[in-house]
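Quick note: the sequence shown uses this note's numbering, first residue 127, plus one each step. Remarks on the structure that follows.
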Amino acid sequence: MSNRLKVTPNDLSAFWMPFTSNRQFKQAPRMLAAAKDMHYTTTDGRQVLDGTAGLWCVNAGHCRPKITEAIQQQAAELDYAPAFQMGHPNAFELANRLVDLAPEGLDHVFYTNSGSESVETALKIALAYQRVKGEGSRTRLIGRERGYHGVNFGGISVGGIVTNRKMFGTLLAGVDHMPHTHNLAKNAFTRGEPEHGAELADELERIVTLHDASTIAAVIVEPVAGSTGVLIPPKGYLQKLRDICTKHGILLIFDEVITGFGRLGTPFASDYFGVTPDIITTAKGVSNGVIPMGAVFVKKEIHDAFMTGPEHMIELFHGYTYSGNPIACAAALGTLDTYKEEGLLTRGAELAPYWEDALHSLKGEPHVIDIRNIGLIGAIELQPIAGSPTKRAFSAFVKAFENGALIRTTGDIIALSPPLIISKAQIDELIDQVRKVLRAID
Ligand SMILES: Cc1ncc(COP(=O)(O)O)c(C=O)c1O
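Set out below in structure tokens:
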């Protein structure tokens with residue numbers, strides 16, 4: 127570890143931290159200095175077991191040699207290439223490798239730099255596609271309550287988390303929302319996909335009847351909602367959404383920013399559920415979180431619909447300075463190599479039964495009102511403290527970090543999503559840490 131990293135600056139005030147309780151943090155900072163495989167090292171030299179793959183992104187574990195080397199080499203060879211009207215070989219190589227992994231038919235990739243940008247890109251492509259195929263009246267976008275699609279205006283408009291929306295004005299016009307599928311009364315302590323709730327997909331029919339299909343461009347959902355506290359789709363729900371979208375000519379977008387790249391024990395959640403959308407948004411695991419990158423997968427028909435008109439003309443007026451950045455592409459190639467060599471995109475399936483049993487062993491611990499799991503994702507929902515929502519889970523997060531485990535909390539829900547390299551012994555350790563914390567907090 128370099129000395130520079132070990133020193134904590136005296137003044138923490140200049141950095142306005144994202145999605146952070148800044149005042150609390152700056153009174154008692156939680157500082158990371160290094161990471162390797164399943165662990166972080168804090169600036170005071172403690173080892174912390176990573177129960178969240180960073181922020182759902184470090185799927186291959188930390189500081190993996192293939193990825194580090196790829197980045198180092200690329201930085202010394204071709205640091206940047208203009209993204210518009212110019213190319214570099216790795217961007218094309220990576221796109222080919224990505225579409226080989228993607229569900230059949232999703233055979234074109236548009237690069238972004240984050241999940242939020244992937245969502246904006248997908249929504250814009252959906253709107254533009256309807257227009258280029260002569261259905262320009264399809265301008266509405268349908269999201270879902272409790273959905274998280276990043277923090278840009280399109281994403282918060284179709285998203286359904288009130289705290290992320292209420293401060294920011296009127297957002298995009300022409301957006302509607304389906305109800306979320308979380309139902310504690312009927313589905314608490316379900317292992318895997320809940321039995322109850324597939325009929326909630328029929329709400330999409332109601333929305334179509336209200337607005338008319340000819341006004342709706344696309345529906346966007348997370349196949350498993352992550353940031354809102356791990357909401358697992360009821361059995362049959364996603365297929366129903368697919369059928370309704372197909373029936374009405376509405377594009378279905380799966381936001382796979384967290385479920386993409388092995389989180390459920392399959393390359394994509396679309397594979398897990400056997401439901402293929404028209405567009406998939408990804409980020410995070412595509413480059414193991416090491417260099418910012420996102421990728422939007424689209425079906426051939428969508429891509430091809432744009433490939434008309436004079437050949438010197440730009441077909442889609444959209445893109446980012448860093449779309450397909452050489453170092454990000456190198457990181458992603460190193461990531462895909464690591465996933466392949468270690469079988470990580472399917473390792474979650476082998477570990478899932480062990481993970482499930484370990485998680486559900488927390489039933490009966492203090493404050494626990496639900497436990498849910500799918501692939502290598504788990505959630506433990508806590509009874510909120512009356513009058514102080516989120517406080518109990520936040521205390522759990524702080525205590526766990528002090529004790530040597532990184533967990534994530536959202537609302538009063540603990541969400542776990544470890545790197546896909548986790549061992550069974552480390553699963554036991556993580557769950558024991560959570561157990562200790564639950565017994566220790568008020
Ligand atoms: C489903 C989903 N979409 C979009 C995003 C936004 O990604 P980013 O933070 O990279 O912009 C996230 C981030 O957690 C996510 O979970």
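In this text, a Cβ means the ideal position worked out from N, Cα and C, and glycines have one as well. Bear in mind that the values here come from a model prediction, so they are computed numbers and not experimental data.
With at least 16 other beta carbons inside 10 angstroms of its own, GLY323 counts as buried. At least one heavy atom of ligand 1 lies closer than 7 Å to the C-beta of ALA409. The region 453 to 490 is shown to contain whole alpha helix (DSSP H) runs of 4 or more residues at 470 to 486, in chain order. In the three-state reduction of the DSSP assignment, LEU267 falls in the strand class, which pools E and B. For ARG317, same chain residues with a beta-carbon under 7 Å away, outside a window of 5 residues either side, are GLU482, HIS486 and ASN499 in chain order. Assignment of LYS162 by DSSP, reduced to helix, strand and coil, places it in the strand class.
Distance from the CA atom of SER242 to the CA atom of GLU382, rounded to whole angstroms, is 12 Å. When secondary structure is reduced to three states using DSSP, TYR255 falls in the helix class.
Along the length of the region 371 to 451, whole alpha helix (DSSP H) runs at least 4 residues long occupy 395 to 399 and 426 to 432, reported in chain order.
With respect to the C-alpha of GLY490, the residue from LEU564, LEU459 and SER449 having the closest C-alpha is LEU564.
Here ARG518 has HIS493, LEU508, GLN509, PRO510, ILE511, ASP538, ILE567 and ASP568 as same chain residues with Cβ atoms under 8 Å from its own Cβ, once five neighbours each way along the sequence are excluded. At the C-beta level, LYS410 and CYS183 come within 8 Å of one another.
Boundaries for PHE151: no beta strand (DSSP E) harbours it, while the alpha helix (DSSP H) harbouring it runs 148 to 153, taken from the DSSP string. A straight-line Cα-Cα distance of about 7 Å links ILE557 and ALA484.
Of the heavy atoms belonging to ligand 1, none sits nearer than 7 Å to the Cβ of ILE379. Judged by beta-carbon spacing, VAL345 lies beyond the 8 Å limit of LEU310, meaning their Cβ atoms are not closer than that value.
Relative to ligand 1, even the nearest heavy atom lies 7 Å or more away from the CB of TRP142.
PHE387 sits away from ASN529, with the two beta carbons spaced by 8 Å or more.
In summary, PHE523 is buried, with 16 or more beta-carbon neighbours lying within 10 Å of its beta-carbon over all protein chains present. At least one heavy atom of ligand 1 is found less than 7 Å from the C-beta of SER240. Secondary structure at ASP558: helix, using DSSP grouped into helix, strand and coil.
Short of 8 Å from the beta carbon of ARG266, and not among the five residues preceding or following it, lie these beta carbons of its own chain, in chain order: GLY300, VAL301, ASP302, HIS337, THR341, ILE342 and ALA343.
An exposed status is given to MET143, since fewer than 16 other beta-carbon atoms sit within 10 Å of its beta-carbon. In this structure the region 388 to 406 lies against the region 419 to 434, because at least three pairs of beta carbons, one per stretch, are closer than 8 Å.
No heavy atom of ligand 1 is found nearer than 7 Å to the CB of TRP481. Spanning the alpha carbons of VAL350 and LEU297 requires a straight line of approximately 24 Å. Using a cutoff of 7 Å, the CB of GLU348 counts as near ligand 1, since one of the ligand's heavy atoms is closer than that. Contact annotation: the region 237 to 255 does not touch the region 327 to 334, with fewer than three C-beta pairs closer than 8 Å.
Only buried fits GLN200, as 16 or more other CB atoms lie within 10 angstroms of its CB. In the three-state reduction of the DSSP assignment, GLU348 falls in the coil class, being assigned neither a helical nor a strand state. It is roughly 41 Å from the alpha-carbon of THR434 to the alpha-carbon of THR194. In this structure, the alpha-carbon of LYS550 lies about 14 Å from that of GLY501. Boundaries for THR178: no alpha helix (DSSP H) harbours it, and the DSSP string shows neither H nor E there. Two segments are said to touch when three or more pairs of C-beta atoms, one from each, lie closer than 8 Å; by this definition the region 204 to 211 touches the region 444 to 460.
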